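Heads up: the structure comes next, in structure tokens.
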Amino acid sequence: MTASVAPATPYTAPDERGHFGPYGGTFVPEILIPALEELKAAYREARTDPSFDETFRALLRDYVGRPTPLTFADRLTAHLGGPRIYLKREDLCHTGAHKINNTIGQILLARRMGKRRIIAETGAGQHGVATATVCAKFGLTCVVYMGAEDTERQRLNVRRMELLGAEVRPVTSGSRTLKDATNEAIRDWVTNVRDTFYIIGSVVGPHPYPMMVRDFHRVIGEETRRQLAEAEGRETPDAVVACVGGGSNAMGIFYPFLNDADVALYGVEAAGEGLHARHAATLTQGRPGILHGAMSYLLQDDAGQVQLAHSISAGLDYPGVGPEHAFLKDAGRVQYRAATDAETMEAVKLLSRTEGIIPALETAHALAALPALAAEMRPDQVVVVNCSGRGDKDMDTIAAHL
Amino acid sequence: MSRIRDAIAAVTARGDKAMGLFLTNGFPDPQSTLPLLQAMDEAGADFIELGMPFSDPLAEGLPIQRSSERALRHGVTLDDAFRTVEAFRRTSETPVLLMGYANPVFRYGVSNFCEAARSSGVDGLILPDLPLEERHLLADDAERTGLGLVHLVAPNTPDERVTRTDALTTAFVYAVSITGLTGTGLGAVDAVAAYLARVRRLVTRNPLLVGFGIRTHDDARRLSAHTDGFIVGSALVSKIEALWDDARLTPARRLAAVQQLVRHLKYGEPADVAAAP
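Quick note, the sequences are listed as chains A and B, same order. Just so you know, we're using the working numbering here: the first sequence kicks off at 53 and counts up by one. Just so you know, we're using the working numbering here: the second sequence kicks off at 180 and counts up by one.
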């Protein structure tokens with residue numbers, strides 16, 4: 053049994069005003085300030101209301117299918133010849149990815165606040181599907197903004213959202229991907245602020261979203277601790293690996309381990325065609341800046357214009373990143389690496405053939421970091437990879453690249 | 180001593196309403212911005228808002244989004260905005276505010292930005308994505324350099340916050356007419372009037388200007404009944420876009436048509452004199 057080592061100061065970020073060190077905050081037009089105040093108050097109230105947590109937990113159990121398994125990847129472990137590899141199976145959540153933990157939490161808040169119309173942005177479509185799903189379940193109107201390029205490469209998810217009763221609005225401005233879908237969702241919110249609830253899909257945006265979305269996903273890390281105690285006789289692994297676009301699945305699995313200094317945390321960004329070509333490695337290559345309501349790292353040029361990101365994975369194709377990741381990077385608590393499109397494709401193949409699990413392209417970025425990591429670790433050590441989503445939605449892209 | 184406040188006060192002392200006009204720097208092309216500003220000034224602008232284009236302008240409707248994209252395609256930067264103002268200042272004392280989004284300003288460096296803006300002749304700054312919560316990030320540098328800060332209020336801003344906005348503003352309070360983007364239509368007349376009357380009672384230390392959705396002289400008169408003046412952006416930008424996209428028109432003809440619109444907005448002269456070649 054290895055006892056977990058708590059650092060001297062327990063982790064408390066963000067502060068009252070949503071700052072993670074210098075990051076986070078509230079950089080939004082005045083019209084949205086009253087809506088954010090209302091949301092903060094509703095969330096504060098909900099967190100102290102036991103019935104809110106009970107309803108949330110019950111839905112995660114009975115509707116999402118939690119707890120998700122922690123699978124020992126024996127053949128992958130043998131193949132890489134390094135530490136014992138476990139997969140936290142968020143791909144087995146209802147709708148096929150972790151995203152639904154957060155949409156359940158936010159729609160319960162929307163209902164408490166009496167909002168009847170839900171909007172969302174989506175990249176790969178997983179957050180859009182998770183939002184459309186809970187809107188169907190709760191009988192609320194749903195509009196999803198999605199970049200026109202993404203409606204092409206993630207066609208299956210567009211059909212799913214439409215079947216679930218959502219209206220998908222393709223966004224043709226700018227990069228035609230997640231960044232511009234987010235711009236349009238914010239513009240919709242500005243226009244319809246009185247009756248509309250914006251379900252943001254990652255740990256991004258103005259306060260309180262980064263904190264709130266993290267809190268709704270922390271169940272991933274909490275379950276991992278319990279399951280690891282059963283499987284390995286210890287609550288904490290030696291390392292945790294997760295992919296980072298906006299960074300919600302990573303925050304969900306990292307957060308319950310932040311006070312355990314002996315747990316190494318690795319976030320893997322999208323290096324696209326390579327870090328010196330087109331990529332989406334915001335923390336690795338970006339600089340602090342302000343986009344979509346928060347200060348964080350940002351891919352931008354010297355004039356402060358936001359640059360286009362590139363990744364084979366629509367869910368990571370975003371020039372920003374959650375402010376808490378920026379803070380954890382500067383603090384040295386999480387190490388951020390990057391995987392290229394090509395390395396990602398290899399990882400898709402590897403997990404499919406060794407474990408019989410086809411991962412989402414986003415998830416495959418985390419898996420792509422394993423060979424290098426395995427070489428740095430001993431066979432008696434344990435690493436947990438957040439298997440954040442399944443790859444069915446990516447079959448067209450995968451088929452075109454294999 | 181504030182050139183903006185003085186200019187607005189001089190207009191209201193005559194029983195008139197101050198008119199602020201918005202134009203994106205580098206739009207419709209870098210060579211045309213300065214002549215347009217001069218033409219707008221000559222036709223009756225009481226102050227100018229010069230837009231600093233940004234790749235992701237969240238509060239803007241389509242006309243200003245398109246103008247920003249067009250300017251950025253020409254590679255326009257903040258230094259170009261300073262140069263435009265410097266050139267404008269050679270012949271005019273009309274106040275100029277810069278309007279844009281926080282990121283380019285922070286990338287430039289807040290202190291350097293405020294100094295460069297002031298020395299080029301800029302009087303004030305409007306950053307719609309820098310609400311009261313984050314103003315401390317540039318308030319000291321703005322005060323040190325004498326750059327006025329405009330903050331916005333909206334129809335859903337509570338009374339207490341309007342009062343606090345008035346206390347922290349150092350140029351004028353900008354009342355957004357509707358909960359929406361720039362360039363969208365005005366809502367129900369009564370609701371807008373009641374909101375502006377409420378804000379008028381609460382804003383006691385600063386001039387109060389109204390903007391968003393004003394397209395005609397009638398809109399301007401109606402909305403500024405409760406304010407010291409009004410601001411027009413999208414209507415002007417749309418007009419300029421159409422004029423510059425019409426290859427049949429000479430530069431002089433285009434500028435004359437812009438001045439026609441400006442005089443319409445301010446004095447109610449006929450809006451559309453046929454812009455034939």
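C-beta: ideal position from N, C-alpha, C; glycine also. Note that this is a predicted model, so its numbers are computed, not measured.
Along the chain, where does the alpha helix (DSSP H) containing residue i start, and where does it finish?
| i | result |
| --- | --- |
| T229 (chain A) | Neither: T229 (chain A) is in no alpha helix (DSSP H) and is coded neither H nor E. |
| P242 (chain B) | L241 to R252 |
| F391 (chain B) | That residue, F391 (chain B), is in no alpha helix (DSSP H); it is neither H nor E in DSSP. |
| R464 (chain A) | The structure shown does not extend to residue 464 (chain A), since chain A is modelled only from 53 to 454, so the question has no answer here. |
| G273 (chain A) | V271 to E284 |
| K418 (chain B) | S413 to D424 |
| K445 (chain B) | P430 to Y446 |
| P287 (chain B) | Going by the sequence as given, residue 287 (chain B) is Tyr instead of Pro. That run of the alpha helix (DSSP H) goes A281 to Y287. |
| T256 (chain B) | No alpha helix (DSSP H) holds T256 (chain B); DSSP gives it neither H nor E. |
| D120 (chain A) | Reading the sequence as shown, one finds Thr at residue 120 (chain A) and not Asp. Here T120 (chain A) belongs to no alpha helix (DSSP H), and DSSP marks it neither H nor E. |
My guess is that residue i and residue j are in contact by the Cβ rule of under 8 Å, so how many angstroms apart are they, rounded?
| i | j | result |
| --- | --- | --- |
| E414 (chain A) | G297 (chain A) | 6 Å |
| T361 (chain B) | S413 (chain B) | 5 Å |
| V275 (chain B) | D302 (chain B) | 6 Å |
| A399 (chain A) | A416 (chain A) | 4 Å |
| N168 (chain B) | Q352 (chain A) | Any question about residue 168 (chain B) goes unanswered here, given that chain B covers just 180 to 456. |
| T78 (chain A) | L88 (chain A) | 6 Å |
| V293 (chain A) | V435 (chain A) | 6 Å |
| G374 (chain A) | V256 (chain A) | 5 Å |
What residues from chain A crowd round residue i, counting only those whose CB sits closer than 8 Å?
| i | result |
| --- | --- |
| Q244 (chain B) | S225 |
| P209 (chain B) | The contacting residues do not exist; P209 (chain B) stays about 14 Å from chain A at best. |
| S413 (chain B) | Residues of chain A passing the Cβ test: none, with the nearest at roughly 14 Å. |
| T363 (chain B) | T243 |
| E313 (chain B) | G77, T78 and F79 |
Taking DSSP as the reference, what is the three-state secondary structure of residue i?
| i | result |
| --- | --- |
| L368 (chain A) | coil |
| A60 (chain A) | Reliability of the predicted coordinates at A60 (chain A) is poor, the pLDDT of 40 falling under 50, and no value is obtained from them. |
| M53 (chain A) | With a pLDDT of 36 at M53 (chain A), under the threshold of 50, the predicted position of this residue should be treated as unreliable, and no value is reported. |
| E321 (chain A) | strand |
| T100 (chain A) | coil |
| I357 (chain B) | coil |
| E272 (chain B) | coil |
| L84 (chain A) | helix |
| I183 (chain B) | helix |
| A197 (chain B) | strand |
| I252 (chain A) | coil |
| R314 (chain B) | coil |
| A453 (chain B) | Unreliable positioning characterises A453 (chain B) in this predicted model, as indicated by a pLDDT of 45, which lies under 50. The coordinate reading is nonetheless provided below. Correct three-state label for A453 (chain B): coil. |
| V190 (chain B) | helix |
| A333 (chain A) | coil |
| E339 (chain B) | helix |
| A451 (chain A) | helix |
| E89 (chain A) | helix |
| P258 (chain A) | coil |
Given that residue i touches chain A, what residues does it touch there, using C-beta distances under 9 Å?
| i | result |
| --- | --- |
| V355 (chain B) | P81, E82 and I83 |
| T336 (chain B) | E82, I83, I85 and P86 |
| F285 (chain B) | P340, G341, I342, M347 and G356 |
| G205 (chain B) | Here the premise fails: no neighbours, minimum Cβ distance about 12 Å. |
| V332 (chain B) | E82 |
| P430 (chain B) | Going along chain A, no residue has its Cβ under 9 Å from P430 (chain B), so there is no contact; the nearest lies around 28 Å. |
What are the boundary residues of the beta strand (DSSP E) that residue i is part of?
| i | result |
| --- | --- |
| P222 (chain A) | E219 to V223 |
| I170 (chain A) | R169 to T174 |
| C295 (chain A) | A291 to C295 |
| V329 (chain B) | G327 to V332 |
| A346 (chain A) | G345 to L350 |
| L139 (chain A) | R136 to R141 |
| Y115 (chain A) | Segment: none, Y115 (chain A) is in no beta strand (DSSP E) and carries neither H nor E. |
Would you mind telling me which residues of chain B sit closer than 9 Å to residue i, beta carbon to beta carbon, in chain order?
| i | result |
| --- | --- |
| V195 (chain A) | None at all; the shortest Cβ gap to chain B is about 16 Å. |
| N154 (chain A) | Simply none; closest approach about 22 Å. |
| N209 (chain A) | By Cβ distance, chain B contributes nothing, its closest Cβ being about 24 Å from N209 (chain A), past 9 Å. |
| R246 (chain A) | N335 and T358 |
| R221 (chain A) | Here the premise fails: no neighbours, minimum Cβ distance about 15 Å. |
Can you pull the chain B neighbours of residue i, defined as C-beta to C-beta under 7 Å?
| i | result |
| --- | --- |
| L488 (chain A) | Any property of residue 488 (chain A) remains undetermined from this structure, which presents chain A solely from 53 to 454. |
| G297 (chain A) | In chain order: nothing, as chain B lies at least about 17 Å away. |
| I238 (chain A) | L237 |
Can you name the residues of chain A whose CB is closer than 7 Å to the CB of residue i?
| i | result |
| --- | --- |
| P386 (chain B) | Going along chain A, no residue has its Cβ under 7 Å from P386 (chain B), so there is no contact; the nearest lies around 18 Å. |
Taking C-beta pairs closer than 8 Å, name the residues in chain B that residue i reaches, listed in chain order.
| i | result |
| --- | --- |
| Q352 (chain A) | N282 and R286 |
Could you name each continuous alpha helix (DSSP H) segment of 4 residues or more that falls completely within the region 375 to 447 of chain A, going from the start of the chain to the end? Counting whole runs of 4 or more residues, the region 375 to 447 of chain A contains the alpha helix (DSSP H) stretches 375 to 382, 393 to 407, 413 to 420 and 422 to 428.
Contiguous beta strand (DSSP E) assignments of at least 3 residues, all confined to the region 148 to 199 of chain A: Listed in chain order, the beta strand (DSSP E) elements of length 3 or more contained wholly in the region 148 to 199 of chain A are 169 to 174 and 193 to 199.
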